[in-house]
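Undergrad:
Number of protein chains: 2
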Amino acid sequence: MTDLLKPLIQKNEKKIIFVVLDGLGGLPVNGRTELEVAHKPNLDKLAKSSACGLHIPVLPGITPGSGPGHLSLFGYDPLKWQIGRGVLEALGLGLELTDKDIAIRANYATLKEGVITDRRAGRIPTEESSRITEYLQENIRKIEDVKVFFRQGMEHRFSIVLRFPQNLPEGSYMIPDTDPQKEGKEPLPVRALSPQAEKVADILKRLLERIHYLIKDKKANYVLLRGVSMVPRIPSFGEIYGLRPLCIAAYPMYRGLARLLGMELLDIKGDISEEIDSLERTFPGNTYDFFFVHIKKVDSMGEDGNFDGKVKKIEEFDSYLPRILALKPDVLVITGDHSTPSLLKSHSWHPVPVLINSPYVLGGLVTGFSERECARGELGIFQTTHLMTLVLANSLRLKKFGA
Amino acid sequence: MTDLLKPLIQKNEKKIIFVVLDGLGGLPVNGRTELEVAHKPNLDKLAKSSACGLHIPVLPGITPGSGPGHLSLFGYDPLKWQIGRGVLEALGLGLELTDKDIAIRANYATLKEGVITDRRAGRIPTEESSRITEYLQENIRKIEDVKVFFRQGMEHRFSIVLRFPQNLPEGSYMIPDTDPQKEGKEPLPVRALSPQAEKVADILKRLLERIHYLIKDKKANYVLLRGVSMVPRIPSFGEIYGLRPLCIAAYPMYRGLARLLGMELLDIKGDISEEIDSLERTFPGNTYDFFFVHIKKVDSMGEDGNFDGKVKKIEEFDSYLPRILALKPDVLVITGDHSTPSLLKSHSWHPVPVLINSPYVLGGLVTGFSERECARGELGIFQTTHLMTLVLANSLRLKKFGA
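One line per chain: the protein sequences are Z and F, in this order. Quick note: the first sequence uses the numbering used here, first residue 472, plus one each step. Quick note: the second sequence uses the numbering used here, first residue 472, plus one each step.
1. In the stretch 765 to 802 of chain Z, which residue ranges form an unbroken beta strand (DSSP E) of at least 3 residues, counting only runs that do not cross its ends?
2. Taking buried to mean at least 16 other C-beta atoms within 10 Å of its own C-beta, is E849 (chain Z) buried or exposed?
3. Taking only runs that begin and end inside the stretch 480 to 564 of chain Z, name each unbroken beta strand (DSSP E) of 3 or more residues, in chain order.
4. For the putative contact between G720 (chain Z) and I739 (chain Z), defined by C-beta atoms under 8 Å, what is the C-beta separation to the nearest angstrom?
5. Figure out for me which residue from F:L550, F:L542, F:K551 and F:D548 has the closest Cα to the Cα of L559 (chain F).
6. Of all the residues that make up the stretch 610 to 636 of chain Z, which are near chain F by a beta-carbon distance shorter than 9 Å?
7. Are E751 (chain Z) and L798 (chain Z) closer than 8 Å when you measure CB to CB?
8. What is the DSSP secondary structure of F635 (chain Z), counted as helix, strand or coil?
9. Does DSSP put I747 (chain Z) in a helix, in a strand, or in coil?
10. Under the rule that 16 or more other beta-carbon atoms within 10 Å means buried, what is Q481 (chain Z), buried or exposed?
11. Tell me the rounded alpha-carbon separation between L732 (chain Z) and N638 (chain Z).
12. From the beta carbon of I533 (chain F), is the nearest beta carbon of chain Z less than 8 Å away?
13. Are D493 (chain Z) and G807 (chain Z) close, meaning C-beta to C-beta below 8 Å?
14. With a threshold of 8 Å between beta carbons, is V726 (chain F) in contact with chain Z?
15. Please name the residue or residues paired with N757 (chain F) in a DSSP beta bridge.
16. Only counting runs of 3 or more residues, tell me where the beta strand (DSSP E) segments fall wholly within the stretch 605 to 634 of chain F, in order along the chain.
17. State buried or exposed for S819 (chain Z), treating a residue as buried only when at least 16 other CB atoms are found within 10 Å of its CB.
18. From this set, Z:D474, Z:E484 and Z:L495, which residue's C-alpha is nearest I785 (chain Z)'s C-alpha?
19. Report yes or no: do three or more beta-carbon pairs, one from the stretch 554 to 572 of chain F and one from the stretch 619 to 626 of chain F, lie closer than 8 Å?
20. Note down the Cα distance separating N642 (chain F) from T569 (chain F), rounded to an integer number of angstroms.
21. Output, in chain order, the set of chain F residues within a Cβ distance shorter than 7 Å of K871 (chain Z).
22. Near G780 (chain Z), what residues of its chain come up, given a Cβ to Cβ distance below 6 Å and the 5 sequence neighbours on each side ignored?
23. Quick one: give me the first and last residue of the alpha helix (DSSP H) that R677 (chain Z) is part of.
24. Skipping 5 residues on each side, what residues in its chain have a beta carbon closer than 8 Å to that of E710 (chain Z)?
25. Are the C-beta of L695 (chain Z) and some C-beta of chain F separated by less than 8 Å?
26. Look up R868 (chain F) in the DSSP assignment and say whether it is helix, strand or coil.
27. Could you give the DSSP three-state label for T581 (chain Z): helix, strand or coil?
28. Nearest CA to the CA of R847 (chain Z): which residue from Z:L836, Z:F853, Z:T855 and Z:T856?
29. For R704 (chain F) and I575 (chain F), what's the separation of their Cα atoms in angstroms?
30. Could you list which residues in chain Z have their beta carbon closer than 7 Å to that of R843 (chain F), in chain order?
31. Identify whether I595 (chain F) lies in helix, strand or coil by the three-state DSSP scheme.
32. Which residues of the stretch 545 to 566 of chain F have a Cβ closer than 9 Å to any Cβ of chain C? Give them in chain order.
33. Roughly how many angstroms lie between the CA atoms of I646 (chain Z) and A592 (chain Z), to the nearest whole one?
34. Does G733 (chain Z) come within less than 8 Å of chain F when only Cβ atoms are used?
35. Looking at C-alpha atoms only, which residue of F:P723, F:V632, F:L659 and F:S790 is the closest neighbour of H510 (chain F)?
36. Do H627 (chain Z) and I603 (chain Z) come within 8 Å of each other at the CB atom, strictly closer than that value?
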């Protein structure tokens, strides 16, 4: 795709706002989906004069994680660019990663007589696990010349980052999980699956020895390693598309992903309100021309199975839409990274509603913004990875292909 | 695709008329597109009983040139078969090309004090430029052992073909344009981008020296080179599909493309009227069973931003449609090679309306022939490269796949 687009891209001054309502798509409960129940006059009106459709983040029937969902939205093939869970977790916890780093998801566990008796150390409360993680960080700063960073997640989960003195060769992360996946089994040894991973495996073995010595008297007396990974050398979003992108997102994982793609980030902590304020502040001027606005709570409500809560979050976004429209972006995209039906209380495989508003659309094919209306739109049902090409086209940034 | 189709194809006597209204698709101006405004009772009636849809020539968001647009229509992957502009132009002017040939688009220009002051030599009239081109051909037949052919196009445009004594290695055409693209700049030197192109670049330099000496006292005193290219070894349309195709087109480029695909050509100079006359003359009998009718002016009006003119050209075609229907083709296809909305004054990325009429369609899904109606048709939104398979199927030329 990059090879095709590269010679076609022409820069201009047009500005794009790209809103991701996380987990937007839903399923009917009592006959209507969250989008269909929500009172959202602004979104419905906008949809009528927009190009609408449904997009498929990975493949029909495949439920995307947040990583693949967002990679697709930004035009990266999620099957090609598989970002290790260790990296996503570390980025999500606010750790910055470089080509010198190995990132690992770690779980506190309980070991007795050589076998894992609890893979989650009794789902140790975050408060308690935080203290252990801090204690580890205080006592372990380095193994040989490799710096070690710990960062606590929820309950038994935490992140470890190993920072080597120099860039690591490809394949350095090829170390399988030590988690035996079942209680009553021995933990698996740390082992290298490639010659490049041997040095990393050696450091990890010594790190585990030290950790296990330090926590030997606790209930959480063992650490299981998962998702050993490195940041992929993923091409920069701004360079591929000739755009100057800004990420307006509060949640660590999406911020981490945006940073990975070379987007600039605003320091956002709060809710939709703070994000829209930030958009209004940064939109004028010429510093940025692509604004990725990520709104998390729609997904959270879906994950909780809270149908009414998801409806309310959609309505809340709708109330802010006039402020976005008042900025008069040349192209406005509103979509999600995947569906999260309250009915399923989880991400799902269902195609995601999308609208593209620009002066160069047919419009007039839908009566509102919903899963069923978008199924009738002029964009049809398409692969999410094509969305960025459509966005570039609508901002008149693509020359024609061939004579 | 060819590998899939080959064992499935069965020949029969059914006849296909395949009409391409160049640049057919449009966008709304004051709420309606050119197709929606046009009074076209015959097309609308036909659409109601046809399979309709929208097709995507290259990929969503990608604007196709005429070459890729037509290749897609004929079932060739336009990303695989990239045909140089020099080849298309030369074929269009009636030059036959072999694997020994390099084809170049050339423009007469005006050079003063080392810079190009007019890239089109004052849009020199064809009558005048023809005389210069004939003069060049009389005086230049060969450079070393390489034969040189000139052929005049319209106004400042002409074609040069270099015929080497033996087949050329791949990559021999890798020579960038010498056209600086802007007046007031120096012409670019001829240079080889691959070792295989060095011999060709050397011949071109010597050719330009001779040409510039011969025309030094004229207003058109310089020649700019563009689209240096070679014929791809593209499989024959007739052989792939088991058809005997005839091209009814007036414009050189489309004629050139048809010849490249091994279609036979009628000598057509004129307008829709002459093309329909020719169709009526050639349709009876058993010489041909696939009639590619190319109608250019719809696109030209779009390119000029002439909304009403495009509407008129669609209406003009509609008035001829009864004569096409009177021939009772077994399959009738009406579509475009890409969209050319008057609003954009250029080719665009928007999917192209298509109708397939045969006894084997659902029909009844649309109320007329337009972009928005076709979005609701039984063919959906699909890749243009699948159109020929649908056409073969509708002519009952494809056996079932697998037992």
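Quick reminder that beta carbons are idealized off the backbone N, C-alpha and C, glycines included.
TA: Per the coordinate set shown:
1. none
2. Residue 849 (chain Z) sits at position 378 when you count from the first residue of the first sequence. Its Cβ being crowded by 16 or more others within 10 Å, E849 (chain Z) is buried.
3. 487 to 492 and 522 to 527
4. Here residue 720 (chain Z) corresponds to residue number 249 of the first sequence, with the count starting at 1. Here residue 739 (chain Z) corresponds to residue number 268 of the first sequence, with the count starting at 1. Reading off the sequence, residue 720 (chain Z) comes out as Ala, not Gly. Confirmed, about 6 Å.
5. Walking along the second sequence from the start, residue 559 (chain F) turns up at place 88. Cα-wise, what sits closest to L559 (chain F) is F:L542.
6. none
7. Locating residue 751 (chain Z) in the first sequence gives position 280, counting from the first residue. Locating residue 798 (chain Z) in the first sequence gives position 327, counting from the first residue. Closer than 8 Å, so yes.
8. Mapped onto the first sequence, residue 635 (chain Z) falls at position 164. Reduced to three states, the DSSP call for F635 (chain Z) is coil.
9. Here residue 747 (chain Z) corresponds to residue number 276 of the first sequence, with the count starting at 1. Helix at I747 (chain Z).
10. If you number the first sequence from 1, residue 481 (chain Z) lands on position 10. With fewer than 16 other Cβ atoms within 10 Å, it is exposed.
11. Sequence index remark: in the first sequence, residue 732 (chain Z) carries index 261 (1-based). Sequence index remark: in the first sequence, residue 638 (chain Z) carries index 167 (1-based). Distance between the alpha carbons of L732 (chain Z) and N638 (chain Z): 19 Å.
12. Taking the second sequence and counting its residues from 1, the one referred to as residue 533 (chain F) is at position 62. With 8 Å as the cut-off, I533 (chain F) counts as an interface residue toward chain Z.
13. By one-based count along the first sequence, residue 493 (chain Z) stands at place 22. By one-based count along the first sequence, residue 807 (chain Z) stands at place 336. Taking 8 Å as the Cβ cut-off, D493 (chain Z) and G807 (chain Z) qualify as a contacting pair.
14. For the purposes of this step, residue 726 (chain F) is taken as the residue at position 255 of the second sequence. Correcting the residue type first, residue 726 (chain F) is Arg in the shown sequence and not Val. No, because no Cβ of chain Z sits closer than 8 Å to the Cβ of R726 (chain F).
15. If you number the second sequence from 1, residue 757 (chain F) lands on position 286. N757 (chain F) pairs with nothing; no bridge assigned.
16. 617 to 623 and 628 to 634
17. Numbered from its first residue, the first sequence carries residue 819 (chain Z) at position 348. Looking at its Cβ environment, which holds 16 or more other Cβ atoms inside 10 Å, S819 (chain Z) is buried.
18. The residue given as residue 785 (chain Z) occupies position 314 in the first sequence. For the residues Z:D474, Z:E484 and Z:L495, the minimum Cα distance to I785 (chain Z) belongs to Z:L495.
19. yes
20. If you number the second sequence from 1, residue 642 (chain F) lands on position 171. If you number the second sequence from 1, residue 569 (chain F) lands on position 98. One point to set straight first is that residue 642 (chain F) is Gly, not Asn, in the sequence displayed. Taking the straight line from one Cα to the other gives about 15 Å.
21. Numbered from 1 along the first sequence, position 400 holds the residue referred to as residue 871 (chain Z). Chain F residues near K871 (chain Z): T534, P535, G536 and H818.
22. If you number the first sequence from 1, residue 780 (chain Z) lands on position 309. Closer than 6 Å at Cβ, skipping near neighbours: M772.
23. Position 206 of the first sequence, counting from 1, holds the residue named residue 677 (chain Z). Segment E669 to L685, the alpha helix (DSSP H) holding R677 (chain Z).
24. Looking up residue 710 (chain Z) in the first sequence gives position 239. G733.
25. As a first step, residue 695 (chain Z) must be located in the first sequence, where it is residue number 224. No, L695 (chain Z) lies away from the interface with chain F (no Cβ there is under 8 Å from its Cβ).
26. In the second sequence, the residue the question calls residue 868 (chain F) occupies position 397. R868 (chain F) falls in the coil class under three-state DSSP.
27. By 1-based counting over the first sequence, the position of residue 581 (chain Z) is 110. Strand.
28. Numbered from its first residue, the first sequence carries residue 847 (chain Z) at position 376. For the residues Z:L836, Z:F853, Z:T855 and Z:T856, the minimum Cα distance to R847 (chain Z) belongs to Z:L836.
29. On the second sequence, residue 704 (chain F) is found 233 positions in, with the first residue counted as 1. On the second sequence, residue 575 (chain F) is found 104 positions in, with the first residue counted as 1. Taking the straight line joining both Cα atoms gives about 18 Å.
30. Mapped onto the second sequence, residue 843 (chain F) falls at position 372. Here the neighbours are L833, G835 and L836.
31. If you number the second sequence from 1, residue 595 (chain F) lands on position 124. I595 (chain F): coil per DSSP, three-state reduction.
32. Looking at the structure shown, chain C is missing, and the protein chains on hand are Z and F.
33. Translated into positions along the first sequence, residue 646 (chain Z) becomes position 175. Translated into positions along the first sequence, residue 592 (chain Z) becomes position 121. Distance between the alpha carbons of I646 (chain Z) and A592 (chain Z): 23 Å.
34. Start at 1 with the first residue of the first sequence, and residue 733 (chain Z) comes out as number 262. With 8 Å as the cut-off, G733 (chain Z) does not count as an interface residue toward chain F.
35. Taking the second sequence and counting its residues from 1, the one referred to as residue 510 (chain F) is at position 39. Checking every option, the nearest Cα to that of H510 (chain F) belongs to F:S790.
36. Residue 603 (chain Z) sits at position 132 when you count from the first residue of the first sequence. Residue 627 (chain Z) sits at position 156 when you count from the first residue of the first sequence. No, the pair does not count as a contact, with Cβ atoms beyond the cut-off.
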